[in-house]
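Undergrad: Encoded as structure tokens, here's the structure I'll be asking about.
Numbering (my numbering), first residue to last: 218 to 390.
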């Protein structure tokens, strides 16, 4: 993968979040913090997955919207697309674990491109639920891609995750 062109595509939510049993206001979302750590180590390009319709500022309201999106198998509209997805061989896909899997916006993103022959490397932030079913879901959405084992990081520990991220990346090669 050393000579491969790579992209870090991530969905992250700053602001009102649940961390370590409390609601806190995050200036940068946990998943974005990890995306930046991966970028520092890999030199990958970055793409933030954002929805046209913003999620509520209130954490509990956001979880309710996210649960309803999952129940409806919704595909929220995204604000932008990757200009030249064909040029990437490796895609790091990052997201918070919402209701046991990725936010539905990440489903929208993965369905928008042909990942045949590409390597997808997932990572997520969570508060105790790990990767959930997200790796399995990615494999279903991208059956012709190689999906590597993901990294799950507890949201409240992202600032201290440098070694975990570095070791995970080293073990992927």
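Heads up, the beta-carbon is just placed ideally off N, CA and C, and yes, glycines get one too.
1) So is residue 266 buried or exposed if we call it buried at 16+ other beta carbons inside 10 Å?
2) Starting from residue 263 and walking both ways along the beta strand (DSSP E), at which residues does that stretch end?
3) Going by the beta-carbon positions, is the gap between residue 361 and residue 326 smaller than 8 Å?
4) Buried or exposed: where does residue 259 fall if 16 or more other Cβ atoms within 10 Å of its Cβ makes it buried?
5) Quick one: is residue 322 buried, meaning 16 or more other Cβ sit within 10 Å of its Cβ, or exposed?
6) Using only CA atoms, which one of 284, 223 and 367 lies nearest to residue 293?
7) Could you compute how far the alpha carbon of residue 305 sits from the alpha carbon of residue 299?
8) Which residues in the same chain as residue 316 place their Cβ atom closer than 7 Å to its Cβ, once the five residues preceding and following it in sequence are excluded?
9) In the DSSP assignment, what are the bridge partners of residue 231?
10) Could you check the C-alpha separation between residue 263 and residue 311 for me, to the nearest Å?
TA: Reading off the structure:
1) As a working mapping, residue 266 is identified with position 49 in the chain shown. Result: buried.
2) Within the chain shown, the letter at position 46 stands for residue 263. It spans 262-265 - the beta strand (DSSP E) in which residue 263 sits, taken as one unbroken run.
3) Mapped onto the chain shown, residue 361 falls at position 144. Mapped onto the chain shown, residue 326 falls at position 109. Going by C-beta atoms, residue 361 is not nearer than 8 Å to residue 326.
4) By one-based count along the chain shown, residue 259 stands at place 42. So residue 259 counts as buried.
5) As a working note, residue 322 is residue 105 in the chain shown. The residue is buried, with at least 16 neighbouring Cβ atoms inside 10 Å.
6) Locating residue 293 in the chain shown gives position 76, counting from the first residue. Looking at the Cα atoms, 284 is the closest of the given residues.
7) If you number the chain shown from 1, residue 305 lands on position 88. If you number the chain shown from 1, residue 299 lands on position 82. The alpha-carbon atoms of residue 305 and residue 299 are separated by roughly 10 Å.
8) For the purposes of this step, residue 316 is taken as the residue at position 99 of the chain shown. So the qualifying residues of the chain are 283, 284 and 287.
9) The count along the chain shown starts at 1 and reaches residue 231 at position 14. Looking at the DSSP assignment, residue 231 forms no beta bridge with any residue, so it has no partner.
10) The residue you call residue 263 lines up with position 46 of the chain shown. The residue you call residue 311 lines up with position 94 of the chain shown. Computed Cα separation, rounded: 11 Å.
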